[in-house]
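> Let me begin by handing over the structure; questions about it come next.
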Amino acid sequence: MMESDEIKSIQEILKDIQGVLSEIHGFMRDLKKDYSPVDESISLDSSMLAMLLNVSPTTVYRWRARNELPYTILSSGACAYRFDEVYVAVKCGRLRARGFNRIEALRTLSVYRDGIIRGCGFEAKEKDA
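Structure below.
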């Protein structure tokens, strides 16, 4: 009888864990729905992208020229980069440059995105001269 009670207790615990995991999965799915349209609608220009990734405009140009960074040419002739495509390119390791810190770039991009979502501005850190 003792074993039967222990098995029931373990089954109840597993059922509770399954319920919690289902809640977490639903929360993550909703979060993804909330963020995805925003990420697609955020557009960056070359200078903002260079500042966010802490690289030179020349590095951004090289990435673009090598087709490592997706972009769109606007009617004004300027280049625009979709936030979600930039984020994926950084996360996958497609963008490389001497001194480029991928982890720091991802962190900065996340802070920027969260600031846009919350309606806050983004304070640029000035590069040391």
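One rule links them: number in the working numbering = place in the sequence shown (from 1) + 426. C-beta: ideal position from N, C-alpha, C; glycine also.
Flag this pair as yes or no: are the beta carbons of R520 and E494 separated by less than 8 angstroms?
Yes, they are a contact pair.
> Y497 by DSSP, collapsed to three states: which one?
The answer is coil: DSSP assigns Y497 none of H, G, I, E or B.
> Rounded to whole angstroms, what is the Cα-Cα separation between R528 and G545?
Distance between the alpha carbons of R528 and G545 is about 25 angstroms.
> Over the uninterrupted alpha helix (DSSP H) stretch that includes A523, give me the two end residues.
Careful: A523 lies outside any alpha helix (DSSP H) and carries neither H nor E.
> Is R508 near P496, with beta carbons less than 8 angstroms apart?
In this structure, P496 lies closer than 8 angstroms to R508 by Cβ.
> Smallest Cα separation from D510: which of C518, N480, G452?
The option with the nearest alpha carbon to D510 is C518.
> Please state whether DSSP places S473 in a helix, a strand or coil.
S473 falls in the helix class under three-state DSSP.
> Buried or exposed: W484, going by 16 or more other Cβ atoms within 10 Å of its Cβ?
At residue 484 the sequence reads Thr, which differs from the Trp that was named. T484 comes out exposed.
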